[in-house]
Each structure stands twice: as structure tokens, then as C-alpha cells.
Amino acid sequence: MNILITGGAGFIGSHLAEKLLKEDHSVTVIDNLSTGKYSNIIHLTKKKNFHYIIDSILNRDVLEDLIKKCDQIFHLAAAVGVKYIIDNPLLSLQTNIGGAENVLEFANKYKKKVLMVSTSEIYGKSDNIPFKEEDDRLLGSTHISRWSYSCAKAIDEFFSLAYYREKKLPVVIVRCFNTVGPRQTGQYGMVLPKFVRNALLNHPITIFGDGKQTRCFCDVDDVTDGMIKLMSNKKAEGEIFNIGNDKSISIEELAHKIKKLTNSKSKIEYVNYAEAYEEGFEDMRHRKPDLSKVIEYIDYKPKYNLEQILKRTIDYFEE
7 MNILITGGAG FIGSHLAEKL LKEDHSVTVI DNLSTGKYSN IIHLTKKKNF HYIIDSILNR
67 DVLEDLIKKC DQIFHLAAAV GVKYIIDNPL LSLQTNIGGA ENVLEFANKY KKKVLMVSTS
127 EIYGKSDNIP FKEEDDRLLG STHISRWSYS CAKAIDEFFS LAYYREKKLP VVIVRCFNTV
187 GPRQTGQYGM VLPKFVRNAL LNHPITIFGD GKQTRCFCDV DDVTDGMIKL MSNKKAEGEI
247 FNIGNDKSIS IEELAHKIKK LTNSKSKIEY VNYAEAYEEG FEDMRHRKPD LSKVIEYIDY
307 KPKYNLEQIL KRTIDYFEE
């Protein structure tokens, strides 16, 4: 099968490409390297069934040609990371809404199946834990930049479902919850790789807020496994799925655990959100998925626990 991955030089996209190649698919990646890295896919470039294009999904001519030639599309290309969204609000909206619209338009034209990757940011600052796919969303003011990402990805979901319902385009929507692992960068605000890198360098580990906020971290290997299984499940078409791990840890606990595992001398420091991001910044207090739906459809079960995830990430940074 010929598979197109948008954002395929990114952290998740590169792992997905690697896995699909092992399953003997032909894989084409398009990425503009705004947050992805060529180093993520350099080891794949010698494989005869791997092809890459350095370009933007906003380039309609290039994108249409790639979609015309493929059988399936995994749409991962997006502006991601809280810091990146706040620093690049206009480009983020253009990429996350316009790019997804381009993908769906051409996928419909040539009738190609799409897996649309969304985010747990969809749920906003709701405290109705754990989050179910059909739950209401609770967002802050439009003055607060971080909520633009949630809104943009919600538009992507609305577009996807509209194409499914009106045009019968086969679409599967996946909401990721804190995917982590080798190759992830902390450059755009991702907490786990940032903590690991600083711990290994004995630099201060900086916690935003009071550190009592909780998250559930899932290994990229488990997430990409789930994506591939959902894409091959006919019953999943037109549906939305949480995918991740449902074991919570506070950010404060995470910092201490990483410090211990790395034998780090780092100091743990606290910085308020306004100083770290922008005045009035809001965060989710807790973020935890209800996984019952994805378990029902594909018998999804994460293989990696947090200790194993941290070891894989630490080993990667040490290398």
C-alpha cells in the first residue's frame, strides 16, 4: 500500500513511517521542517520504499499530486507545542486549519482514506476527568492564545466529520494525550524531554505553576500502533478516539522521578505561568483519557509503563 504521512519528519510521524515501512508499505512523507527534523528520518532515506518531500501542506499543487498517488493518508502535519502556538499564532492557525482543509479536499476528490490526528487540547480546561470522546468542551477567552490550538483542531474534527457524513469520505479521528519517547524535543514546550535534557546536563528543572497539575504520558510506540490498527478497522470510520495512557502523575512528581533516574544534581525551580508564557495564561489542571472506546474497537492496551518510557527517553538523550 502507498501511504502518505503529512508531518512525517516530526516526532510521531517519523516513528509511524518507520513502523509502516517494516510492514512493507511504501511511505511518502511531506514536511516543511518547521517543527520536524530531517535527522528524524535520515535513517529511512536509504530504504527503497521511502520518499520524502520538503514542502508545506499549504502548497496545494504539491499536496494534490501526493494525495492522488497514495492509498491512505495519515495527517499529522500541524503547528504544535504551547510555546510554538503562542509565538506563532497566525501561522499556527493557517497551518492547522488551512492545511487540514487542503488534505480533506484532495482526499475527497480522489477518495483516499484519512486518519486525522487531533489532540487532548480539544477538551480545554474541563475538570470532568477522565475525558470521554463525546464530552463537552470548556475553553477560555480568545484573548488567551493557547486556546487557538484547541479551536483549530476542533475545526479539523468538524471538517473531517462533515466530509464523512456528507461526502462519505472514510475518516478516522484520533485525539492524542501527551505522546512521548525518543526523538521528541522539548524546544516547543513539551515537558518530559525538557525535564530529561536539563536533568542530564544538571541544569535547573523548571516547573510551571505549582506542579500539582497531572498528566498521563504514553509511549510513541503504543500511540502509532493504535493509529495503524484504527486505520485498518472499517468500523472506526466516522468515529473519534482518545489514544494514550490513563495512568496519571503530577508534574512535580515527574520532575523528582526524572532527577532520581538520571542521578542529577539539578535544582527544581518553580516559575509562574505568566512569566513562562504570557499574561493571563491558563492551563488544564488535569488531563486524563477515558480509553474504553479504543479498547472496545481495537483491544488497545499500552505496552510501556512510565518507568519504561522514561528509560527509553533518557537513553535516547544520553546517546
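Residue numbers (my numbering): 7 to 325.
A virtual CB, placed ideally from N, CA and C, is assigned to each residue, including glycine.
Just so it is clear, the structure is predicted and the values come from calculations on it, not from any experiment.
Inset, instruction - Taking only heavy atoms of the ligand FMN into account, decide whether any of them is closer than 8 Å to the Cβ of V33. - result: You won't find the ligand FMN in this model; it holds no ligand whatsoever.
Inset, instruction - Report yes if the CB atom of I73 is closer than 9 Å to the CB atom of V109, and no otherwise. - result: Here residue 73 corresponds to residue number 67 of the sequence shown, with the count starting at 1. Here residue 109 corresponds to residue number 103 of the sequence shown, with the count starting at 1. The answer is yes: Cβ separation under 9 Å.
Inset, instruction - Taking R293 as the reference, give the member of F183, Y58 and I59 with the closest Cα. - result: As a working mapping, residue 293 is identified with position 287 in the sequence shown. The option with the nearest alpha carbon to R293 is F183.
Legend entry - Sub-9 Å separation of P413 and G244 beta-carbons: Beyond the ends of the chain as shown, which are 7 and 325, falls residue 413; an answer cannot be given.
Inset, instruction - Sort L236, G215, K240 and D227 by Cα distance to S256 and report the nearest one. - result: Here residue 256 refers to the residue found at position 250 when the sequence shown is read from its first residue. Selected option, being the one with the closest Cα: G215.
Legend entry - CB of M122 within 9 Å of CB of D162, strictly: Here the question's residue 122 lines up with position 116 in the sequence shown. Here the question's residue 162 lines up with position 156 in the sequence shown. Cβ distance < 9 Å, so M122 and D162 count as in contact.
Legend entry - Contact check, V300 vs G192, beta carbons under 9 Å: Looking up residue 300 in the sequence shown gives position 294. Looking up residue 192 in the sequence shown gives position 186. Taking 9 Å as the Cβ cut-off, V300 and G192 do not qualify as a contacting pair.
Inset, instruction - Pull up the DSSP beta-bridge partners for I211, would you. - result: What you label residue 211 is simply residue 205 of the sequence shown in a count that begins at 1. DSSP output for I211 lists I274 as bridge partner(s).
Inset, instruction - Output the distance between the C-alpha atoms of V197 and K117, rounded to the nearest integer angstrom. - result: Residue 197 sits at position 191 when you count from the first residue of the sequence shown. Residue 117 sits at position 111 when you count from the first residue of the sequence shown. Looking at the two C-alpha atoms, the distance is approximately 38 Å.
Legend entry - According to DSSP, residues forming a beta bridge with H81: Counting from one through the sequence shown, the residue named residue 81 turns up at place 75. DSSP output for H81 lists T12 and M122 as bridge partner(s).
Legend entry - Local conformation of R293 per DSSP, three classes: Numbered from 1 along the sequence shown, position 287 holds the residue referred to as residue 293. The answer is coil: DSSP assigns R293 none of H, G, I, E or B.
Inset, instruction - Using beta-carbon positions only, say whether I320 and V229 come within less than 9 Å of one another. - result: Within the sequence shown, numbered from 1, the residue matching residue 320 stands at position 314. Within the sequence shown, numbered from 1, the residue matching residue 229 stands at position 223. Cβ distance not < 9 Å, so I320 and V229 don't count as in contact.
Legend entry - For G187, three-class secondary structure by DSSP: Residue 187 sits at position 181 when you count from the first residue of the sequence shown. If DSSP states are grouped into helix, strand and coil, G187 belongs with coil.
Legend entry - Straight-line Cα distance separating K307 from I11: The residue you call residue 11 lines up with position 5 of the sequence shown. The residue you call residue 307 lines up with position 301 of the sequence shown. I11 and K307: Cα-Cα distance of roughly 24 Å.
Inset, instruction - Please state whether DSSP places F223 in a helix, a strand or coil. - result: Taking the first residue of the sequence shown as position 1, residue 223 is located at position 217. Residue state, collapsed to three classes: coil.
Inset, instruction - Measure the alpha-carbon distance for P188 versus E29 and round it to whole angstroms. - result: In the sequence shown, residue 188 corresponds to position 182, counting from 1. In the sequence shown, residue 29 corresponds to position 23, counting from 1. Their backbone Cα atoms lie some 21 Å apart in a straight line.
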